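Undergrad:
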Amino acid sequence: MPLLASVTPQLTPVPVSTGVATALVGLLMLTHIQFAAWQQGGYIILAVSDFVGWKRKSERYDRFSKGLVTALGATFAVGGSLAIFAIMILFLGLWSHFYVDLQRVMFWPFVAEAVAFVGEIICLYPLYARWDRLGKVRGLRIGLEILLFINAELQMLLINIVASYMLTPRPANDLPAILMNPTEIPLEIHRFVGNIAWAGAIIALTAGIRLLLKSGRRPDVRPYLDWMGHYGLIWAIGFTIAQPLVGWEYAKEIQLHAYASWYDMMLGGLSVAFLIQVFLLGTIFTVGIFYLWRRVRASGFRSPALAVCTVLSFGAWMLISTPSSLAWSYEDVFRANANVPIWQGGLLIPWGAMIPWKLTALVAFTGVTIVALTIYLKYVSRGKLRWGDAGRGQAVSLITVGVAISLIMALMGFIRENSRGPFLITNHMLINQQQNFSPPSSSGPALQGPASNIGFSVILPVEPHP
Amino acid sequence: MAQELERSALARKLTKPFSGLMATTYRWVDERLGVTDLVHQLLYEAVPRRGAWAYSLGSATLIIIVLQIVSGMFLLWTYVPSTTEAWESLNFIEHHDEFAAIVRGMHLWGAYVLFVVIGMHMLRTFVSGSYKKPRELNWITGVVLFLLVLGLGITGSMLPWDQAAYWTATVVTHIVSYFPLFGTQIEEILRGGPQMGPDTLTRFFAIHIWLLPALLVPMIGLHLILLRRHGEHGSWVNYEGVEEETEAERSRRMAEAEAPYPAIPSDPGYAVPVDLDEFFPSQVFKDALVSFALVLLIFVMAVVVGAPLERAANPAALNYVPTPEWFFLPLDQLLVQFPQAWMIPVGVFVVPGIGTTLLMMVPFLDRTPGREPWRRPEVMVPGLFAVLFLLFEAMLAVGRLFNL
């Protein structure tokens, strides 16, 4: 740290425009998040699948676990390199001011993050390289998988602290307050369930694509791919079920603690992006339930209940995708009565001041999907589905859900990062301070390392949003 | 005949440590009270061999409840249930009576551990499908016991009459006032008047040490009688393979079973576990080990962390923000999610009421054929989401309360 402190004043940003720097950082980070989320969600699916394969002596689960660990090992190499590249080149080169200050405030979380990263390598490498040999000591292998998951979970927790802090910062010398800042826990739950859903969606997407390929029609491969698609989709929509509630809580905390960002997302310039976001959420639920219905049908069973669930979900999809008004300014909102409670003739209802039909749609998604999933799993658990019966429609449904979850993750990242705009750290640090920042002439007490915890000594006080 | 021989062997075993007058005295008592018979009945019973560690949680629950009763009795030696002396008496315990401070710590941590153990016990019962016919009433009495323990938890947290206790009592009694039609009356009954006062503490004290234990103890008895009558179901692994076994194999298993098996043979495959063991000493050893570990944990927490005592209750400190006990965090978060006054009854009574009713009705709602969790998605999927919902609510409440 003293070394870092000594070099900090000499750091000069790479001379590019703010727009180019922001686009580069955004592109790299969004790509990195997709990899990191897949790893984190994939590890828990790996541990569960390997355990079930062991206990139920299922060749299908064993085959799946082996394939999954190979994929996770390969993607970890790419995702890890992206993360290091992001830190070394883009942050230090383009946003060095931000990165060094964040390093001071978040020194210990970053240290723990690095330790967990090493722990991940230590657990993943033997699994990747010696999978079959470790299979002779199955308990140990599953133990390693659980450790792997804990390491990844720890990394996510620590990076969530950083991300949530940027949205709802707390005093730089109050570490407990930083760790437990208002949006930390909602973001933690939001990402935990989201990452598992995302990993499930990738599995479903892979199976869907392979089902459409010529090689996927071979009778020795098709039943496995069919099962793999179903398995991935169960994880994907099973965990997305929690998102309406968790996302709503997250938005509520943002409303309470970073109102300007909330306003931008819900009623301001980002509201259109948010509308696309909920449209994608509806796509995941509706196409997912449609898959469940048609997959049961493909094995020769008519399920009117699943058909009804699909129709209900479609209705909720239409409801949630309907804009209340294209509110570009507060005046537009005011004209649409979107800021007036329903009992006074407006649109707001007490639950987080939401528009009634959107809330109805969110509740419907959760309820209908739980029912649909239960009905579908009933068919599976009674052994009524024949693996290999899935048709082209089911394969396309799997691909659609996978693509929708990928898009929703990228869009969510875009919305969250832009909702803070023009700040990098709400009310503390501006994005355009990164490229025109002049470092102080001497290091001074603020640059003496984490113990000082002063932070933001070089940050200009900025007026919050109007 | 075999049972008579077993009984005689037990009688010899029980009298072995005694000699002379002691042995004579034991025989005298045994002839009149039937001690040997009682011990025989209590200890000698067949239990499922597999999954034994999982159902040691039931015994651990019982042991911790006994610990709560004993530690509560010790606390009564010093505690004075009056608004002027309750806090003083506990302050005396905390600062001048080290033994009583540990006992108080054990009472608090015992309650915390009890909630965790009951939760795990219920989860195990749910996942293994142990509530199925003929054990429906075991499940229902278990749910009632859980509710009674919740009641003991909330009433107990009000007794120290410090700031936390006073304001928690204020909030809880006020929440009750939102109950439709009779809310205000119930609030006044609990408070002993329209305002918080000396009667409030007296009433919660009476509920905590008399009313709820008077319901709890017979309910535990009923739960145990039902358990003995229908036998332990334990884990679904006790029945692995019953679906594939032939009629002859099944008949042999049924014929070789010891009491209390077969349980009501309404479901022949599941009337007798595939592998049995003796309750004593095998299961008793496991139960004792788990219970001992938990009591040790409670003791360590009582010594190291202890039980908090805030400043004495101050009704004028209107800026004090009470935080609920951790086991009420999901309910607290639910309350926040129904912010308007007219919606509070939904969050406080309707949603938890529906949840509790569904929980109690689980044995009747679950019409699935088997016991294995993956063959019962109709209950496992909603059950899993309910548990996740409670966990998420608790986590969100922690974040919210920290940032107040």
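Protein chains in written order, with the working numbering: chain A, 1 to 466; chain B, 1001 to 1404. Glycine is no exception: its CB is placed at the ideal position from the N, C-alpha and C atoms. Just so we're clear, the structure is a prediction, and the values are computed from it rather than from any experiment.
(1) So, helix, strand or coil for B/ALA1263, using DSSP?
(2) Name the residue from B/GLN1041, B/ILE1064 and B/ARG1027 whose alpha carbon lies nearest to the alpha carbon of B/ALA1293.
(3) Determine the DSSP secondary structure at A/ALA242, reduced to helix, strand or coil.
(4) Can you give me the C-alpha to C-alpha distance between B/TRP1167 and B/GLY1197, rounded to a whole angstrom?
(5) Could you tell me whether any Cβ in chain A is nearer than 7 Å to the Cβ of B/GLY1412?
(6) Which residues of chain B have a Cβ atom closer than 8 Å to the Cβ of A/SER381, listed in chain order?
(7) Which residue from A/PHE64, A/LEU275 and A/ALA197 puts its Cα closest to that of A/ILE415?
(8) Work out the CA separation of B/LEU1401 and B/LEU1430 for me, nearest whole Å.
(9) Would you give the residue range spanned by the alpha helix (DSSP H) that B/ILE1225 belongs to?
(10) Give me whichever residues DSSP pairs with B/VAL1047 in a beta bridge.
(11) With three or more C-beta pairs closer than 8 Å as the rule, is the segment 171-183 of chain A touching the segment 378-394 of chain A?
(12) Count the C-beta pairs between the segment 1050-1070 of chain B and the segment 1168-1179 of chain B that are closer than 8 Å, then say yes if the count reaches three, no if not.
(13) Taking A/ILE189 as the query, report the chain B residues whose CB atoms sit under 7 Å from its CB, ordered along the chain.
(14) Work out the CA separation of B/LEU1226 and B/TRP1053 for me, nearest whole Å.
(15) Taking Cβ-Cβ distances shorter than 7 Å, what residues in chain A pair up with B/PRO1405?
(16) If we count the other Cβ atoms within 10 Å of its Cβ and call it buried at 16 or more, is A/ILE399 buried or exposed?
(17) Kindly identify the DSSP beta-bridge partner or partners of B/ASP1162.
(18) Is there at least one Cβ from chain B nearer than 7 Å to A/SER441's Cβ?
(19) So which residues on chain B does A/GLU184 lean against when the C-beta distance must stay under 7 Å?
(20) Is A/GLY288 near A/ILE237, with beta carbons less than 7 Å apart?
(21) Residues of chain A with a CB under 7 Å from the CB of B/PHE1402: which are they?
(22) Under 7 Å between beta-carbons, which chain B residues line up against A/GLU153? List them in chain order, please.
(23) Taking Cβ positions, are A/ALA204 and A/VAL16 nearer each other than 7 Å?
(24) Note down, in chain order, all residues in the segment 240-265 of chain A with a beta-carbon under 8 Å from any beta-carbon belonging to chain B.
(25) Using a Cβ-Cβ cut-off of 7 Å (strictly less than) and excluding sequence neighbours within five positions of A/GLY135, which residues of its own chain qualify?
(26) In whole angstroms, give me the CA-to-CA distance for B/ALA1312 and B/ALA1397.
(27) Note the first and the last residue of the continuous beta strand (DSSP E) segment covering A/LEU424.
(28) So A/ALA390 packs on A/ALA298, CB below 8 Å; how close in whole Å?
(29) With a cut-off of 8 Å on the beta carbons, I'd call A/ILE431 and A/THR22 a contact; round off their distance for me.
(30) Which residues mark the beginning and the end of the alpha helix (DSSP H) in which B/PHE1126 is found?
(31) Starting from A/LEU30 and walking both ways along the alpha helix (DSSP H), at which residues does that stretch end?
(32) For B/ARG1191, count neighbouring C-beta atoms within 10 Å of its own C-beta (all shown protein chains included) and say buried if the count is 16 or more, exposed if not.
(33) B/PRO1081: which of B/HIS1208, B/PRO1048 and B/LEU1181 sits nearest, CA to CA?
(34) From A/GLY393 to A/ARG63, what does the alpha carbon distance come to, in whole angstroms?
(35) DSSP on A/MET180, reduced to helix/strand/coil?
(36) When we look at the beta-carbon of A/ILE122 and count the other beta-carbons within 10 Å, is it buried (16 or more) or exposed?
TA: With the structure as the only source:
(1) Within the second sequence, residue 1263 of chain B is the residue found at index 263, counting from 1. For B/ALA1263, the three-state secondary structure derived from DSSP is coil.
(2) Translated into positions along the second sequence, residue 1293 of chain B becomes position 293. Distance from the Cα of B/ALA1293 is smallest, within the candidate group B/GLN1041, B/ILE1064 and B/ARG1027, for B/ILE1064.
(3) Looking up residue 242 of chain A in the first sequence gives position 242. Residue state, collapsed to three classes: coil.
(4) Within the second sequence, residue 1167 of chain B is the residue found at index 167, counting from 1. Within the second sequence, residue 1197 of chain B is the residue found at index 197, counting from 1. The alpha-carbon of B/TRP1167 is positioned some 12 Å away from that of B/GLY1197.
(5) Because chain B in this structure spans residues 1001 to 1404, residue 1412 of chain B falls outside the shown range and cannot be described.
(6) Numbered from 1 along the first sequence, position 381 holds the residue referred to as residue 381 of chain A. Neighbours of A/SER381 on chain B, chain order: TRP1374, ARG1375, ARG1376 and PRO1377.
(7) What you label residue 415 of chain A is simply residue 415 of the first sequence in a count that begins at 1. The shortest CA-to-CA distance from A/ILE415 to any of A/PHE64, A/LEU275 and A/ALA197 is the one to A/LEU275.
(8) Here chain B comprises residues numbered 1001 to 1404, so residue 1430 of chain B is not present and cannot be evaluated.
(9) Start at 1 with the first residue of the second sequence, and residue 1225 of chain B comes out as number 225. It spans 1212-1230 - the alpha helix (DSSP H) in which B/ILE1225 sits, taken as one unbroken run.
(10) The count along the second sequence starts at 1 and reaches residue 1047 of chain B at position 47. The beta-bridge partner set that DSSP reports for B/VAL1047 consists of B/ASP1277.
(11) No, they do not touch.
(12) No contact exists between the segment 1050-1070 of chain B and the segment 1168-1179 of chain B.
(13) What you label residue 189 of chain A is simply residue 189 of the first sequence in a count that begins at 1. Within chain B, the residues placing a beta-carbon under 7 Å from that of A/ILE189 are PHE1392 and MET1395, ordered along the chain.
(14) Working through the second sequence from its first residue, we reach residue 1053 of chain B at position 53. Working through the second sequence from its first residue, we reach residue 1226 of chain B at position 226. Rounded to whole angstroms, B/TRP1053 and B/LEU1226 show a C-alpha spacing of 20 Å.
(15) There is simply no residue 1405 of chain B to check, as chain B begins at 1001 and stops at 1404 in what is shown.
(16) The count along the first sequence starts at 1 and reaches residue 399 of chain A at position 399. Per the 10 Å Cβ criterion, buried.
(17) Residue mapping note: residue 1162 of chain B aligns to position 162 of the second sequence, counting from 1. Bridge partners of B/ASP1162: B/ALA1312.
(18) Walking along the first sequence from the start, residue 441 of chain A turns up at place 441. A caution first: A/SER441 carries a pLDDT of 45, below 50, which makes its placement in the model unreliable, though a value can still be read off. Among the CB atoms of chain B, none fall inside 7 Å of the CB of A/SER441.
(19) Locating residue 184 of chain A in the first sequence gives position 184, counting from the first residue. For A/GLU184, the chain B residues whose C-beta falls within less than 7 Å of its own C-beta are GLY1399, listed in chain order.
(20) Position 288 of the first sequence holds residue 288 of chain A. Position 237 of the first sequence holds residue 237 of chain A. A contact, by the Cβ cut-off of 7 Å.
(21) In the second sequence, residue 1402 of chain B corresponds to position 402, counting from 1. By Cβ distance, chain A contributes MET180.
(22) Position 153 of the first sequence, counting from 1, holds the residue named residue 153 of chain A. Result: empty, since nearest Cβ-Cβ is about 14 Å, beyond 7 Å.
(23) Position 204 of the first sequence, counted from the first residue, corresponds to residue 204 of chain A. Position 16 of the first sequence, counted from the first residue, corresponds to residue 16 of chain A. Cβ distance not < 7 Å, so A/ALA204 and A/VAL16 don't count as in contact.
(24) Correct list: ILE241, ALA242, LEU245, VAL246, GLU249, GLU253 and HIS257.
(25) In the first sequence, residue 135 of chain A corresponds to position 135, counting from 1. ARG141, listed in sequence order.
(26) Residue mapping note: residue 1312 of chain B aligns to position 312 of the second sequence, counting from 1. Residue mapping note: residue 1397 of chain B aligns to position 397 of the second sequence, counting from 1. Roughly 26 Å separates the two Cα atoms.
(27) Here residue 424 of chain A is taken as the residue at index 424 of the first sequence, counted from 1. Note, A/LEU424: beta strand (DSSP E), 423-425.
(28) Counted from its first residue, the first sequence places residue 390 of chain A at position 390. Counted from its first residue, the first sequence places residue 298 of chain A at position 298. Taking a contact as a CB-CB distance under 8 Å, the pair A/ALA390 and A/ALA298 counts as one, their CB atoms being some 6 Å apart.
(29) One-based indexing of the first sequence puts residue 431 of chain A at position 431. One-based indexing of the first sequence puts residue 22 of chain A at position 22. Indeed, because the Cβ distance is near 6 Å, the residues count as touching under 8 Å.
(30) Position 126 of the second sequence, counted from the first residue, corresponds to residue 1126 of chain B. Per DSSP, B/PHE1126 belongs to the alpha helix (DSSP H) from 1098-1127.
(31) Reading the first sequence from its first residue, position 30 is the one you call residue 30 of chain A. Start and end: 18-55.
(32) Taking the first residue of the second sequence as 1, we reach residue 1191 of chain B at position 191. Taking all protein chains in view, the Cβ of B/ARG1191 is crowded by 16 or more other Cβ atoms within 10 Å, so the residue is classified as buried.
(33) Within the second sequence, the letter at position 81 stands for residue 1081 of chain B. Selected option, being the one with the closest Cα: B/HIS1208.
(34) As a first step, residue 393 of chain A is located in the first sequence; it is residue number 393 there, counting from the start. As a first step, residue 63 of chain A is located in the first sequence; it is residue number 63 there, counting from the start. If I take the Cα positions, the gap works out to 25 Å.
(35) Taking the first sequence and counting its residues from 1, one reaches residue 180 of chain A at position 180. Here A/MET180 sits in coil by DSSP.
(36) Looking up residue 122 of chain A in the first sequence gives position 122. With fewer than 16 other Cβ atoms within 10 Å, it is exposed.
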